[in-house]
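In this text, residue positions in the sequence shown follow our numbering: the first is 2, and each later residue adds one. C-beta atoms are modelled at their ideal positions from N, C-alpha and C, and glycine is treated no differently. Written out below as structure tokens is the structure these notes cover.
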Amino acid sequence: MSSNIRPRFQAILLIGAVVFLSACVRRTRIMPGTAVQTGIASWYGPDFHGRLTSNREIYDMHDLTAAHKTLPFGTRVMVTNLENGRVVSVRINDRGPFVKDRIIDLSYAAARLLDMVGPGTAPVRLDILKSEGLRLSEVRYAVQVGSFADKERAFGLKKQIGEKYGTIDIIPFTTTTQTYYRVRLKAKDRPSAEEIARRLSADGYPVLICEVD
2 MSSNIRPRFQ
12 AILLIGAVVF
22 LSACVRRTRI
32 MPGTAVQTGI
42 ASWYGPDFHG
52 RLTSNREIYD
62 MHDLTAAHKT
72 LPFGTRVMVT
82 NLENGRVVSV
92 RINDRGPFVK
102 DRIIDLSYAA
112 ARLLDMVGPG
122 TAPVRLDILK
132 SEGLRLSEVR
142 YAVQVGSFAD
152 KERAFGLKKQ
162 IGEKYGTIDI
172 IPFTTTTQTY
182 YRVRLKAKDR
192 PSAEEIARRL
202 SADGYPVLIC
212 EVD
């Protein structure tokens, strides 16, 4: 991977959820009656950066997007790395992957958040979300410092960061099978969010700037 890759602040690095799951699913399957899919994820980056995606967008490897074989464009998917518990939400804007037994092809930014850039692939769970429920009525910003399936981990991080940064919010987010606890600091506008992100990054916390309702 080229050393000159510079992720944007909206996808710097999400601090990893340190929840370790007891098993890794190696076989691609869709669970009957649920909006969940499990299998192997891969990622794609510099070789495709700037090219057209299947929905005619320009592929930006620093955006949180992904390719899927069948899901409608615009669908939001919560991706959990089953090897380390890290979580990221992506938007489907491309088709693929076209390699046997792989179920999703993530952008470089999403792969970094899941800590799978080096390995190249990882077993994942996809929680397929309703895209219409994610439309923004008013753009506001927050800085996310972690997303955890373990509630206690989220509150532990809140206590740790709150000693220096003040008010920290824990925002639950529930999919069809799991509740995630997102650790966030509110920001009044985009410049404020970027300043908070810079401070956290300087203190060693990988972060993600989010647009929120």
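Check                                                                                                           : Outcome
Buried/exposed call for L107, threshold 16 Cβ in 10 Å                                                           : buried
Contact the segment 159-168 vs the segment 179-190: 3+ CB pairs below 8 Å                                       : yes
For S55, the three-state DSSP class (helix, strand or coil)                                                     : coil
Alpha carbon of V89 to alpha carbon of R103, nearest angstrom                                                   : 18 Å
Euclidean distance between Cα positions of D204 and I171                                                        : 20 Å
Cα-Cα separation, S43 to P120                                                                                   : 9 Å
Residue span of the beta strand (DSSP E) that contains G163, given as start and end                             : From DSSP, G163 is part of no beta strand (DSSP E) but of the alpha helix (DSSP H) over K152 to Y166.
Cα-Cα separation, L201 to V208                                                                                  : 7 Å
Every unbroken alpha helix (DSSP H) within the segment 68-133, with a cutoff of 4 residues, ordered by chain    : 109-114
9 Å Cβ cutoff met for T54 and N94                                                                               : yes
Rounded Cβ spacing between V37 and R126 (contact assumed at less than 8 Å)                                      : 6 Å
Sequence-distant residues of its chain with Cβ nearer than 6 Å to L72 (five each side left out)                 : I93
Start-to-end residues for the beta strand (DSSP E) that takes in I171                                           : D170 to T175
A150 versus N82, E58 and G40, residue with shortest Cα-Cα distance                                              : N82
Residue(s) in a DSSP beta bridge with I210                                                                      : V144
Beta-bridge partners of F49, as assigned by DSSP                                                                : DSSP, once it has assigned bridges, lists no residue as partnering F49.
DSSP beta-bridge partners of K189                                                                               : K189 pairs with nothing; no bridge assigned.
Candidates F74, P173 and V213, of which the one nearest R191 by Cα                                              : V213
Spatial neighbours of G152 in its chain, beta-carbon cut-off 6 Å, leaving aside the 5 residues before and after : In the sequence as presented, Gly is not what sits at residue 152; that position holds Lys. Cβ neighbours of K152 beyond the five flanking positions: Y182.
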